[in-house]
Amino acid sequence: RLSYNELARRVHLSAPTVAERVRKLESSGVITGYRAHVDPAAVGLPVQAVVVMDCYGPRCLLRDPEVPSWPQIRQLFRITGDGCSVLVAAVPSMPDFESFIDRLARYGRPSSSMVLSQPLAWAPVAAPEGRGD
């Protein structure tokens with residue numbers, strides 16, 4: 001994370017102005033936090049998959065408050081279309097992935113696709129056209 005002084009230098013504003021703008025963005029919920037981007041494979045989680053869940057009504061995994069805290073789940077989305085949710089998972093090995101899929105199957109039908117590579121790991125959110133403020 002850049003210091004306010006370094007950020008101010010890069011955007012040609014004063015450090016107090018930058019600090020105030022950042023505080024406003026944080027308090028309004030535009031900036032939701034600061035995170036390190038960690039490569040799962042580098043920390044022992046080389047097997048990654050995208051899983052679409054087609055759940056069984058009241059047994060939907062989105063209704064279980066424990067599911068978002070499962071260590072295998074990196075992201076979880078409620079979706080429209082085929083399935084009710086999509087999750088991104090990372091595990092140490094294929095046997096671990098198989099166990100994870102078996103655990104998911106209690107909630108419905110998981111359909112998984114293995115991640116081969118990640119051409120775009122992260123991208124900044126750009127302001128919509130005409131909203132450069």
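Residue 1 is where the sequence shown starts when you use full-length UniProt numbering, and the numbers rise one by one after that. Heads up, the beta-carbon is just placed ideally off N, CA and C, and yes, glycines get one too.
Would you say residue i and residue j are within 8 Å of each other, going by their C-beta atoms?
i	j	result
V18	Y34	no
G108	R78	no
A49	S112	yes
List the whole-angstrom C-beta distance separating residue i from residue j, where the pair is believed to meet the contact cut-off of C-beta under 8 Å.
i	j	result
V22	I31	7 Å
P110	V51	5 Å
Alpha carbons only, please: which of the options is nearest the one belonging to residue i?
i	options	result
residue 209	S14, A36, L25, R10	Here the chain comprises residues numbered 1 to 133, so residue 209 is not present and cannot be evaluated.
I73	D64, V91, P65	V91
A41	L76, Q118, E129	Q118
G44	P71, V67, R106, L61	P71
D82	R106, V88, D64, D54	D54
On the DSSP letters alone, give me the boundaries of the beta strand (DSSP E) that residue i sits inside.
i	result
V78	According to the sequence shown, residue 78 is Arg rather than Val. Where R78 is concerned, the enclosing beta strand (DSSP E) stretches over 73 to 78.
L87	85 to 91
Quick check on the DSSP output: the alpha helix (DSSP H) that includes residue i runs from which residue to which?
i	result
S27	15 to 27
L2	Premise fails: L2 is in no alpha helix (DSSP H) and is neither H nor E.
E98	94 to 104
Let me know the secondary structure DSSP gives residue i once reduced to three states.
i	result
residue 161	In the structure as shown, the chain begins at 1 and stops at 133. Residue 161 is therefore absent and cannot be evaluated.
G57	helix
P68	helix
V50	strand
L120	coil
R109	strand
Could you tell me whether any Cβ in chain D is nearer than 8 Å to the Cβ of residue i?
i	result
F100	The structure shown contains no chain D; it holds only a single protein chain.
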